[in-house]
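J.: All letters in the sequence shown, in the order written, are residues 3 to 220 by my numbering.
All residues carry an ideal CB built from backbone N, CA and C; glycine is no exception.
The structure follows.
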Amino acid sequence: MKLAVINGSPRGEKSNSKKIGAWITSQQGLHNDLTVDTYYLFKINRQDAYIEDLSGTYILLFIFPLYVDSMPGIVKLFFEKLEQKKQAFGGRPVYFVIHSGFPELIHSRSLERYLKYYATKIMDMNHLGTIIWAGSEPLQMAPDNFFRKKIILFEGQLATILTKKRLPEDISEQLGGKEHISKFQSIIYPITPFKDFYWNSQLKKNKAKKLLKNQPYA
Ligand SMILES: Cc1cc2nc3c(=O)[nH]c(=O)nc-3n(C[C@H](O)[C@H](O)[C@H](O)COP(=O)(O)O)c2cc1C
């Protein structure tokens, strides 16, 4: 049996998507006949070769972050390329994991609907579920122990995927996801000290202030 983990993060090998993929496949040693191959969509020049490869018997597992309430452009590009070869993918089992910076499921719901539409109506694939993890950015800072319960849940999905069963309908809620944050959280959040610490450190690291007036497209 072959499982393809298709990483759709522009961060590639340093991504949260990679960590989530590693969690889901961490028990692969328990399955004798299993081969797991990982494909990084940020390697745009290799996308065509990936599609050739994937036309085999792989179960497909896409993992990518929510970008501007949708998918990263490299994922959309891959979907469009895949569509050109759709005859090789009819009936293929496919799973998706979307994860987002915002801690609310609502942000990913329209993309979840699109993925189901893309897989079933456009690609004629066998769509067996989408997991949404809302609030994945702390993965960059916090140790894995912090996510112990979530890791166990992710690990538990491998058996479902390998038997080509449907993921539990409430898997995103089981991961702790709520459609909206509570009224109380929405009051507390803006006044939480250090809430911007990570984002500010990212801006500093990437010299955002210095580059603010750049006009790359002018
Ligand atoms: C360009 C960009 C756009 C993003 N857009 C959203 C968004 O619309 N909603 C959201 O909740 N998170 C958004 N995020 C946050 C990412 O989904 C989040 O940081 C994720 O954990 C990144 O995962 P990765 O390391 O696998 O790329 C965005 C991040 C970037 C860099």
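Run through the region 124-184 for me and flag every whole alpha helix (DSSP H) of 4 or more residues, listed as ranges in chain order.
T.: 150-164, 173-176
J.: Measure the CB-CB distance between Leu68 and Leu113 and report whether it falls below 8 Å.
T.: By one-based count along the sequence shown, residue 68 stands at place 66. By one-based count along the sequence shown, residue 113 stands at place 111. For Leu68 and Leu113, yes; Cβs fall inside 8 Å.
J.: Within a Cβ cutoff of 8 Å, which residues of the same chain sit near Lys88, ignoring the five residues on either side of it in sequence?
T.: Taking the first residue of the sequence shown as position 1, residue 88 is located at position 86. Contacts found: Ile124, Met125, Asp126.
J.: According to DSSP, His101 sits in a beta bridge with which residue or residues?
T.: Translated into the one-based positions of the sequence shown, residue 101 becomes position 99. Answer is Pro67, Trp135.
J.: Pick helix, strand or coil for Thr122, following the three-state DSSP scheme.
T.: Looking up residue 122 in the sequence shown gives position 120. Three-state DSSP puts Thr122 in a helix.
J.: Look up Tyr219 in the DSSP assignment and say whether it is helix, strand or coil.
T.: Working through the sequence shown from its first residue, we reach residue 219 at position 217. In the structure shown, Tyr219 sits in coil (DSSP, three-state: anything other than H, G, I, E or B).
J.: Measuring straight from C-alpha to C-alpha, what distance separates Lys215 and Gly92?
T.: Along the sequence shown, one-based indexing puts residue 215 at 213. Along the sequence shown, one-based indexing puts residue 92 at 90. Those two C-alpha atoms are separated by around 48 Å.
J.: Could you have a look at Pro192 and say whether DSSP puts it in helix, strand or coil?
T.: Here residue 192 refers to the residue found at position 190 of the sequence shown. Here Pro192 sits in helix by DSSP.
J.: Could you work out which residue in Ala24, Tyr97, Pro140, Lys166 is closest to Phe222 when comparing CA atoms only?
T.: This structure cannot settle anything about residue 222, because the visible part of the chain is limited to 3 through 220.
J.: Is Leu68 near ligand 1, going by C-beta to nearest heavy atom under 7 Å?
T.: The count along the sequence shown starts at 1 and reaches residue 68 at position 66. Checking every heavy atom of ligand 1 against the Cβ of Leu68, one is found closer than 7 Å.
J.: Does the beta-carbon of Arg48 have 16 or more other beta-carbons within 10 angstroms, so that it is buried, or is it exposed?
T.: Position 46 of the sequence shown, counting from 1, holds the residue named residue 48. With fewer than 16 Cβ atoms within 10 Å of its Cβ, Arg48 is classed as exposed.
J.: Do the region 63-78 and the region 6-18 touch if we need at least three Cβ pairs shorter than 8 Å?
T.: yes
J.: Nearest-angstrom Cα distance between Gln30 and Leu213?
T.: Residue 30 sits at position 28 when you count from the first residue of the sequence shown. Residue 213 sits at position 211 when you count from the first residue of the sequence shown. Going by the C-alpha atoms only, they are around 45 Å apart.
J.: Within the continuous beta strand (DSSP E) that includes Ala6, where are the two ends?
T.: Here residue 6 is taken as the residue at index 4 of the sequence shown, counted from 1. Segment 4-9, the beta strand (DSSP E) holding Ala6.
J.: Closest by CA to Phe156, which one among Ile173, Ile46, Phe80, Ala220?
T.: Here residue 156 is taken as the residue at index 154 of the sequence shown, counted from 1. Nearest C-alpha to Phe156: Ile173.
J.: Can you say whether Arg94 is buried or exposed, counting buried as having 16 or more other CB atoms within 10 angstroms of its CB?
T.: If you number the sequence shown from 1, residue 94 lands on position 92. It is buried - the Cβ of Arg94 has at least 16 other Cβ atoms within 10 Å.
J.: Can you tell me whether DSSP reads Asp39 as helix, strand or coil?
T.: As a working note, residue 39 is residue 37 in the sequence shown. Strand, per DSSP.
J.: Given a cut-off of 8 Å on the beta-carbon distance, is the pair Phe81 and Tyr120 in contact?
T.: As a first step, residue 81 is located in the sequence shown; it is residue number 79 there, counting from the start. As a first step, residue 120 is located in the sequence shown; it is residue number 118 there, counting from the start. Contact: yes.
J.: Less than 7 Å between C-beta atoms, sequence neighbours within five positions excluded: which residues of the same chain meet that for Ala90?
T.: The residue labelled residue 90 in the question sits at position 88 within the sequence shown. Ser57.
J.: Taking only the alpha-carbon atoms, compute the straight-line gap between Trp25 and Thr122 and give it to the nearest angstrom.
T.: In the sequence shown, counting from the first residue as 1, residue 25 sits at position 23. In the sequence shown, counting from the first residue as 1, residue 122 sits at position 120. Cα to Cα, Trp25 sits roughly 27 Å from Thr122.
J.: If Leu43 and Gly10 are in contact, beta carbons under 8 Å, what's the gap, nearest whole angstrom?
T.: Looking up residue 43 in the sequence shown gives position 41. Looking up residue 10 in the sequence shown gives position 8. Yes, they are in contact, since the Cβ atoms of Leu43 and Gly10 sit about 5 Å apart, within 8 Å.
J.: I'd like to know whether the C-beta atoms of Ser102 and Ser138 end up nearer to each other than 8 Å.
T.: Walking along the sequence shown from the start, residue 102 turns up at place 100. Walking along the sequence shown from the start, residue 138 turns up at place 136. It is a contact, given that the beta carbons lie within the stated cut-off.
J.: Relative to the C-alpha of Glu171, which residue among Lys16, His129, Ala51, Ser17 is closest?
T.: The residue you call residue 171 lines up with position 169 of the sequence shown. Out of Lys16, His129, Ala51, Ser17, His129 has the C-alpha closest to the C-alpha of Glu171.
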